[in-house]
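**Q** Here it is, the structure in full.
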Amino acid sequence: MQPTYWRLRLLSLGAALALLTLGPCHAQDAAAPAQAPAQETTQDAPPAAPLAAALSIAPEVQPLRPFGHVIGDVITQRIALEHEGRLLEPDALPELERVGNWFQRRDVRIERDAAGRRWLVIDFQIINVPDELRALDLPALDLATKTPGVRLETGVLPVTVAPLTPTIVLARAGLEEMRPDAEAPRIDTAPLERRLHFALYAAAALAAAWLALYVLRQLRARNSLPFTRAARDMRHLDPGSTAIWQRLHRALDETAGHVVRGHNLASLLARAPWLAPQQSELERFFEASQKRFFADHPVDGQEPAALCARVARLERQALA
Amino acid sequence: MKLRQAGTLLVILLVLSLLFSAYEAYRLSQARDFNRLLSTAVDAAATQDAPEAEFARALSLAARNDYEGAVRAYKALSRATEGALLEAVLYNLGNLHLREALKYGPEEIGRSLPLAELAKTSYRELLQRNPHHWDAKYNLERTLRLAPEREEVLTEAPPLPQNSERAVTTMKAFTLGLP
């Protein structure tokens, strides 16, 4: 009798407890019918047939340093995208978002290593800090793959995270309530100096090139331009000689491309318009030359060498 | 004639390079002036026109306790700068909010908490750009000491109504549903 009595008491106590615990749940369900179906489908309903048949693969995860982390540190997790020779292609990469209370998923990418293996690389940043050194779980991963019914799963990874500062600050040099402001940055003058030096060197090089070109042009002029050559030759001739007159005539003929006299000076000026400023001087020269060579009449006040030098200067300005 | 044209081209290039040299010399002189003023007086340097000068202006506003003005200056600068200067802007902006939050402290948590949240946002944005910024790590941790984000709030709180905000960080050590 005695054992049966205690068995009945225990059974009635259990029934009472069950009523107490189940009662409020039903009441809540009745009060919030709109929320209940969603919860039931996600939590209470039995898994659908395809899910039940889903294959979960736990690929290789490269080991990471599980200790010595502080706030702001980035922990990089590398998950192999192959398992037992089978390639795993995630359907979609995990979202970049805060994951739980401690971590932020800040970058997700797929990389290939030197051996050609593909890895899913996830950067987690520690964005919160516990009051004291503590092991925190790096979140697990459960990703659908492009292969129907195959999921990629990893477990949580414990890492220890410690605070940088004590709860109550020491209030000593450098360890106050907060670190001070960053100072106003100075403008970095090095790039400006580099650009200035470059511009000055370029200017110097250009000036040197221009000077070299100028010298080259003058040398070429001395050897090719008729009046310049004549002026050079005249330095070696007697100023009163006939040869000096003939040399100027030869330069004029060379410039015109034919024999020039006083009557066809216009053709010379048409071919070498830069001679125009010396037109009257040239007319006088031809007149004097006519007298000297054909009337055998000495001419005063006519200096063929000086005229040639002036014309040579015009020639170089125009052609050199 | 070709040599003549080459000579003309060289002269044009020479003039251009001299003009460029003059411009660079002017900029260098401005930069040196700014740096010299910066070492003597931040306010004077802030009168110049350069992102670094804007930064100096924001810094001097903060030093004069003009919180609003300094925030505006740093915000404007954060939209227009890159690299190390942007990092310094984000760090100082976080410091500005944290300093203001610390003025109220945990005693006036209603006023200090929004400021602490702003400080956290700035520090986290900076640490996302540069995870090795130790001063930002230090100050973010100090901000989290002032306004902790406790795990319990995330895991133990009952489900919130739809379209409501989960004010995790604004509920220090408080769990919904407890007496």
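If you read the protein sequences in the order shown, they are chains B and P. Be aware that the first sequence starts at -12, since it is given in the numbering used here, and climbs by one per residue. Be aware that the second sequence starts at 1173, since it is given in the numbering used here, and climbs by one per residue. Note that CB positions come from ideal geometry on N, CA and C, so glycine has one too.
Could you pull out every residue in the same chain whose Cβ sits closer than 8 Å to the Cβ of residue 1206 of chain P, ignoring the five residues on either side in sequence?
**A** Walking along the second sequence from the start, residue 1206 of chain P turns up at place 34. So the qualifying residues of the chain are 1217, 1220, 1222, 1224, 1225.
**Q** Counting pairs of beta carbons, one from the segment 169 to 183 of chain B and one from the segment 1199 to 1214 of chain P, are three or more of them closer than 8 Å?
**A** Touching, yes, given that three or more Cβ pairs across the two stretches are closer than 8 Å.
**Q** Just to confirm the assignment: which complete beta strand (DSSP E) runs, minimum length 3, are found wholly within the segment 45 to 69 of chain B?
**A** Runs of the beta strand (DSSP E) inside the segment 45 to 69 of chain B: 61 to 67.
**Q** According to DSSP, residue 299 of chain B sits in a beta bridge with which residue or residues?
**A** Looking up residue 299 of chain B in the first sequence gives position 312. According to DSSP, residue 299 of chain B bridges with nothing at all.
**Q** My assumption, with CB atoms under 8 Å, is that residue 1299 of chain P sits in contact with residue 1312 of chain P. Please give the rounded CB distance.
**A** Reading the second sequence from its first residue, position 127 is the one you call residue 1299 of chain P. Reading the second sequence from its first residue, position 140 is the one you call residue 1312 of chain P. About 7 Å; that satisfies the 8 Å criterion.
**Q** Between residue 230 of chain B and residue 224 of chain B, which are expected to be in contact by the criterion C-beta below 8 Å, what is the C-beta distance as a whole number of angstroms?
**A** The residue labelled residue 230 of chain B in the question sits at position 243 within the first sequence. The residue labelled residue 224 of chain B in the question sits at position 237 within the first sequence. Indeed, because the Cβ distance is near 5 Å, the residues count as touching under 8 Å.
**Q** Report the residue from B/123, B/113, B/98, B/114 whose alpha carbon sits nearest the alpha carbon of residue 107 of chain B.
**A** For the purposes of this step, residue 107 of chain B is taken as the residue at position 120 of the first sequence. When only C-alpha atoms are compared, the closest one is B/98.
**Q** Give me the chain B residues within the contact set of residue 1214 of chain P, using Cβ-Cβ distance strictly less than 7 Å, ordered along the chain.
**A** By one-based count along the second sequence, residue 1214 of chain P stands at place 42. Chain B residues near residue 1214 of chain P: 171.
**Q** For residue 241 of chain B, collect the residues of the same chain with a Cβ closer than 7 Å to its Cβ; drop the 5 residues on either side in sequence, then sort them by chain order.
**A** As a working mapping, residue 241 of chain B is identified with position 254 in the first sequence. 213.
**Q** Quick one: residues in its chain with C-beta nearer than 6 Å to the C-beta of residue 104 of chain B, no 5 flanking neighbours on either side, listed in chain order?
**A** For the purposes of this step, residue 104 of chain B is taken as residue 117 along the first sequence, with counting starting at 1. Nothing meets the Cβ criterion.
**Q** According to the Cβ coordinates, are residue 1261 of chain P and residue 1274 of chain P closer than 8 Å?
**A** Working through the second sequence from its first residue, we reach residue 1261 of chain P at position 89. Working through the second sequence from its first residue, we reach residue 1274 of chain P at position 102. No; because the gap between Cβ atoms is not below 8 Å, this pair is not in contact.
**Q** Cα separation between residue 194 of chain B and residue 186 of chain B?
**A** Against the first sequence, residue 194 of chain B aligns to sequence position 207. Against the first sequence, residue 186 of chain B aligns to sequence position 199. Each residue's alpha carbon lies about 12 Å from the other.
**Q** Does the distance from the C-beta atom of residue 1229 of chain P to that of residue 1245 of chain P stay below 8 Å?
**A** As a working mapping, residue 1229 of chain P is identified with position 57 in the second sequence. As a working mapping, residue 1245 of chain P is identified with position 73 in the second sequence. Yes, they are a contact pair.
**Q** Could you tell me whether the Cβ of residue 1316 of chain P comes closer than 8 Å to any Cβ of chain B?
**A** Within the second sequence, numbered from 1, the residue matching residue 1316 of chain P stands at position 144. So yes, residue 1316 of chain P belongs to the interface.
**Q** Around the C-beta of residue 1319 of chain P, are 16 or more other C-beta atoms found within 10 angstroms, so that it is buried, or is it exposed?
**A** Within the second sequence, numbered from 1, the residue matching residue 1319 of chain P stands at position 147. Counting Cβ neighbours within 10 Å, residue 1319 of chain P comes out buried, since at least 16 surround it.
**Q** Taking the alpha carbon of residue 259 of chain B as the reference point, which residue from B/124, B/280, B/244, B/181 has its own alpha carbon closest?
**A** Here residue 259 of chain B refers to the residue found at position 272 when the first sequence is read from its first residue. Comparing Cα positions, the closest option is B/244.
**Q** Which residues in the same chain have their Cβ closer than 6 Å to the Cβ of residue 1308 of chain P, if we skip the five residues on either side of it in sequence?
**A** By one-based count along the second sequence, residue 1308 of chain P stands at place 136. Contacts found: 1263, 1295, 1298, 1299.
**Q** From which residue to which residue does the alpha helix (DSSP H) around residue 1307 of chain P run?
**A** Reading the second sequence from its first residue, position 135 is the one you call residue 1307 of chain P. It spans 1306 to 1318 - the alpha helix (DSSP H) in which residue 1307 of chain P sits, taken as one unbroken run.
**Q** Taking all protein chains shown into account, decide if residue 143 of chain B is buried (16 or more other Cβ within 10 angstroms of its Cβ) or exposed.
**A** By one-based count along the first sequence, residue 143 of chain B stands at place 156. By the neighbour-count rule (16 or more Cβ atoms within 10 Å), residue 143 of chain B is not buried but exposed.
**Q** Mind checking which residues open and close the alpha helix (DSSP H) that includes residue 1185 of chain P?
**A** On the second sequence, position 13 is the one that residue 1185 of chain P refers to. Segment 1174 to 1212, the alpha helix (DSSP H) holding residue 1185 of chain P.
**Q** Please check the pair residue 109 of chain B and residue 70 of chain B, which I expect to be a contact at CB under 8 Å, by giving their CB distance rounded to whole angstroms.
**A** Within the first sequence, residue 109 of chain B is the residue found at index 122, counting from 1. Within the first sequence, residue 70 of chain B is the residue found at index 83, counting from 1. Their Cβ separation, rounded to whole angstroms, is 17 Å, which puts residue 109 of chain B and residue 70 of chain B out of contact at 8 Å.
**Q** Measuring straight from C-alpha to C-alpha, what distance separates residue 211 of chain B and residue 300 of chain B?
**A** By one-based count along the first sequence, residue 211 of chain B stands at place 224. By one-based count along the first sequence, residue 300 of chain B stands at place 313. Each residue's alpha carbon lies about 14 Å from the other.
**Q** Thinking C-alpha only, which one of P/1239, P/1277, P/1193 is nearest residue 188 of chain B?
**A** The count along the first sequence starts at 1 and reaches residue 188 of chain B at position 201. The candidate whose alpha carbon is nearest that of residue 188 of chain B is P/1193.
**Q** Check whether chain P comes within 8 Å of residue 150 of chain B, counting only Cβ atoms and requiring the distance to be less than that.
**A** On the first sequence, position 163 is the one that residue 150 of chain B refers to. Closer than 8 Å to some Cβ of chain P, the Cβ of residue 150 of chain B qualifies, so yes.
**Q** Quick one: which chain B residues come within Cβ less than 9 Å of residue 1267 of chain P?
**A** Within the second sequence, residue 1267 of chain P is the residue found at index 95, counting from 1. Those within 9 Å of residue 1267 of chain P in chain B are 165, 166, 167, 168, 169.
**Q** With a Cβ-Cβ cutoff of 8 Å, do residue 294 of chain B and residue 272 of chain B count as a contact?
**A** As a first step, residue 294 of chain B is located in the first sequence; it is residue number 307 there, counting from the start. As a first step, residue 272 of chain B is located in the first sequence; it is residue number 285 there, counting from the start. Yes. Within cutoff.
**Q** Quick one, which of B/183, B/197, B/60, B/167 has its alpha-carbon nearest residue 1201 of chain P's?
**A** The count along the second sequence starts at 1 and reaches residue 1201 of chain P at position 29. Nearest option by C-alpha distance: B/183.
**Q** Using 8 Å as the limit for Cβ to Cβ distance, is residue 1357 of chain P near chain B?
**A** The structure shown has nothing for residue 1357 of chain P, since chain P only spans 1173 to 1351.
**Q** If I measure Cβ to Cβ from residue 249 of chain B and keep anything under 7 Å in the same chain, skipping five residues before and after, which residues do I get?
**A** Along the first sequence, read from residue 1 onward, the residue named residue 249 of chain B stands at position 262. These residues qualify, in order along the chain: 270, 273, 274, 277.
**Q** What does the Cβ neighbour count give for residue 1266 of chain P, buried or exposed, with the cut at 16 atoms within 10 Å?
**A** Taking the first residue of the second sequence as position 1, residue 1266 of chain P is located at position 94. Its Cβ being crowded by 16 or more others within 10 Å, residue 1266 of chain P is buried.
**Q** Please report the distance separating the alpha-carbon of residue 1240 of chain P from that of residue 1257 of chain P.
**A** Translated into positions along the second sequence, residue 1240 of chain P becomes position 68. Translated into positions along the second sequence, residue 1257 of chain P becomes position 85. Between residue 1240 of chain P and residue 1257 of chain P, the C-alpha separation is close to 20 Å.
**Q** So, for residue 292 of chain B: in the same chain, excluding its five sequence neighbours on each side, which residues have a beta-carbon less than 7 Å away from its beta-carbon?
**A** On the first sequence, residue 292 of chain B is found 305 positions in, with the first residue counted as 1. Closer than 7 Å at the Cβ level, and outside the excluded window around residue 292 of chain B, lie 221, 226, 231.
**Q** On the criterion of 16 or more Cβ atoms from any shown chain inside 10 Å, does residue 304 of chain B qualify as buried, or is it exposed?
**A** As a working note, residue 304 of chain B is residue 317 in the first sequence. It counts as exposed.
**Q** If you measure from the beta carbon of residue 112 of chain B to each beta carbon in chain P, is any gap under 8 Å?
**A** Walking along the first sequence from the start, residue 112 of chain B turns up at place 125. Chain P, which has a Cβ nearer than 8 Å to the Cβ of residue 112 of chain B, makes this yes.
**Q** Taking DSSP as the reference, what is the three-state secondary structure of residue 266 of chain B?
**A** Position 279 of the first sequence, counted from the start, is the residue given in the question as residue 266 of chain B. Residue 266 of chain B: helix per DSSP, three-state reduction.
**Q** So, under 8 Å CB-CB, residue 1285 of chain P and residue 1269 of chain P are touching, yes? Tell me the CB distance rounded to an integer number of Å.
**A** In the second sequence, residue 1285 of chain P corresponds to position 113, counting from 1. In the second sequence, residue 1269 of chain P corresponds to position 97, counting from 1. Not quite, the Cβ-Cβ distance comes to about 11 Å (not below 8 Å), so this is no contact.
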